[in-house]
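Under our numbering, the first residue of the sequence shown carries the number 80, and numbering increases by one thereafter. Just so it is clear, CB atoms sit at the ideal spot from N, CA and C, and this is done for glycine as well. Report on the structure given below.
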Amino acid sequence: MSILSTLPFLVLLAAAGIILFRRIQFIRTAIFLGKPELRNDQKPVRWKLMGLIALGQQKMFKRIIPAFLHLLIYVAFVIINLEVLEFILDGLTGSHRFFAPFLGGFYSVAMNIFEFLAVATLFSCVAFLVRRNITKVPRLTMNELRGWPALDANLILFIEIVLMVAILTMNATDQLLAQRGVTGYILLDGLMFSTFLHPLFEGMGENALIMTERFAWWFHIIGILAFAIYVSYSKHLHIFLAFPNTWYSNLNPKGKMKHMDEVTKEVNLMLGLGESSTEEPAEVSRFGAKDVVDLSWTNLMNAFACTECGRCTAECPANITGKKLSPRKIMMDTRDRAEEVTKSLLSGGPGADDGKSLLGDYITKEEINACTTCNACVEACPVNIDPLSIILELRRYTSMEENSSPAQWNTMFQNIETSFSPWKFAPTDRFRWADELKKKP
Ligand code: SF4
Ligand code: SF4
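Have a look at this one:
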């Protein structure tokens, strides 16, 4: 490649880098709209979790076929990126197949591995398209996926297919040129898959072949850079965020609810369990969450890491029994609202003070009140997302700030407060009943 193509490549790379950097800044701002939360204890456990769940995809293997197809695409993504490194070095230095002289015979082996992964990715993407659009797996065709989410999922599969075809086309034409002895093209020790494409191009003249090979090269690298930018706008952000998301997992036992420290302290003092203090009780800005700024940053990172796979919704008893609740929609709504607030803030707007809120404008009380707090969604999520903690914070707001929980719940809360039991009688009554049972012959 001459300096004439090195320059546009440099401009292209710089432009993509700037766009990507700005988008990463945007996502970071959106995540840190959330309140601080310290989650860096038990570091060895966290590294292990990240290795098993994000890198090893452990939770995906509950369903073997999609897990296997997903694994193929994932491995291809990671390994083919090594080839992208060569593309970038070729682009910057004007060379062709930068690593070939250094790797000798292993270079052909590496290219064959890349080709195998490209074909495996092609196969997997076609299978995923069939699952979404022809066999219509229920969790992939629910109402909340209508519009952009469904288009996003199909688009990314289509883009991956096109990119893989570009690699195979480039290799096929490149090898035909090398066989004809054209300067700059290196003959490799047989490429297993692109060889099958040779009949398509064999009739072409040298110039046409060079143009096709260069077109495939540029198409692939532009496609990869565009893909990297596109991913940052799409649910496929999970490719990257799955790692921090699993590292910052909630390590408490499932079902352990998060206390509000200020409230716990006050209640303990009331019950004579804490040390009396002359300190004024701490001001609590808001009980629970009404909007994204009341949630924690880990809640918001969860929202950006969501793959929209719907495994949580497929396991949710409320959803299965026809209630309006879908934990996947909770995550999608949280992300959409966080994006809306961030866009407003960065353009000098009112941010979260725009008269809208997550609860009410995105998520309804009917949805959150349908949750049984069973944790099935948390258990099912392949990247350790916790939709329940968002639901609980929203519910805490409705009960503690608005007092708008369903009437039966308010009665139950009152009973717990006065009788330490959900029912309107003291625990001693219940034990009396048990004692009487014992007396019976
Ligand atoms: S915890 Fe709530 S949202 Fe999650 S599966 Fe159970 S009922 Fe559904
Ligand atoms: S929360 Fe987890 S299980 Fe649910 S859609 Fe998102 S990634 Fe899938």
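Task: Three-state class that DSSP yields for Ile-442 in the structure shown - done: strand
- [ ] Decide if the segment 435–447 is in contact with the segment 102–114; the criterion is three or more beta carbon pairs, one per stretch, under 8 Å apart.
- [x] no
Task: Residues of its chain near Arg-390, where Cβ-Cβ distance is below 6 Å and the 5 sequence neighbours each way are ignored - done: Ala-459
Open item on the list: Pull the bridge partners of Lys-114 from the DSSP assignment, please.
Closed with: Ser-375
Task: Assigned exposure category for Leu-236 - 16 Cβ within 10 Å defines buried - done: buried
TODO: Can you say whether Gly-170 is buried or exposed, counting buried as having 16 or more other CB atoms within 10 angstroms of its CB?
DONE: buried
TODO: Return yes when the C-beta of Ile-409 is under 8 Å from any heavy atom of ligand 1, and no when it is not.
DONE: yes
- [ ] Would you mind stating whether Ser-468 and Asn-324 have Cβ atoms separated by less than 9 Å?
- [x] no
Open item on the list: In this structure, how does DSSP classify Ile-213 when only helix, strand and coil are distinguished?
Closed with: coil
Open item on the list: Give me the residue from Asp-373, Thr-200, Trp-502 and Ala-257 with the minimum Cα distance to Ile-152.
Closed with: Thr-200
Open item on the list: Using a Cβ-Cβ cutoff of less than 6 Å, which residues in the same chain neighbour Ile-97 once the five nearest sequence positions on both sides are dropped?
Closed with: none
Task: Where Arg-462 sits in the DSSP three-state scheme - done: Checking the sequence shown, residue 462 turns out to be Val, not Arg. It is coil, neither helix nor strand.
TODO: Would you identify the three-state DSSP class for Met-479, choosing helix, strand or coil?
DONE: helix
Open item on the list: My assumption, with CB atoms under 8 Å, is that Phe-272 sits in contact with Leu-247. Please give the rounded CB distance.
Closed with: 6 Å
TODO: In the DSSP assignment, find the unbroken alpha helix (DSSP H) run with His-149 in it and report its ends.
DONE: 143–172
Task: Simplified DSSP assignment, three categories, for Ile-82 - done: Annotation note: pLDDT 46 at Ile-82 (below 50); position unreliable, no value reported.
Open item on the list: Counting C-beta neighbours from all protein chains within 10 Å, is the total for Ile-300 16 or more, i.e. buried, or is it exposed?
Closed with: buried
TODO: Could you pull out every unbroken alpha helix (DSSP H) segment of at least 4 residues lying fully inside the segment 396–461, listed in chain order?
DONE: 396–399, 406–425, 444–448 and 455–459
Open item on the list: By alpha-carbon positions, which one of Asn-381, Glu-387, Ala-449 and Thr-392 ends up nearest to Ala-417?
Closed with: Asn-381
TODO: Would you identify the three-state DSSP class for Ile-265, choosing helix, strand or coil?
DONE: coil
Task: Neighbour-count burial assignment, Ile-103, 16 or more Cβ in a 10 Å radius - done: exposed
Open item on the list: Considering just the uninterrupted stretch of the alpha helix (DSSP H) at Ile-240, what are its terminal residues?
Closed with: 227–258
- [ ] Can you tell me which of the three DSSP states Glu-292 falls into?
- [x] helix
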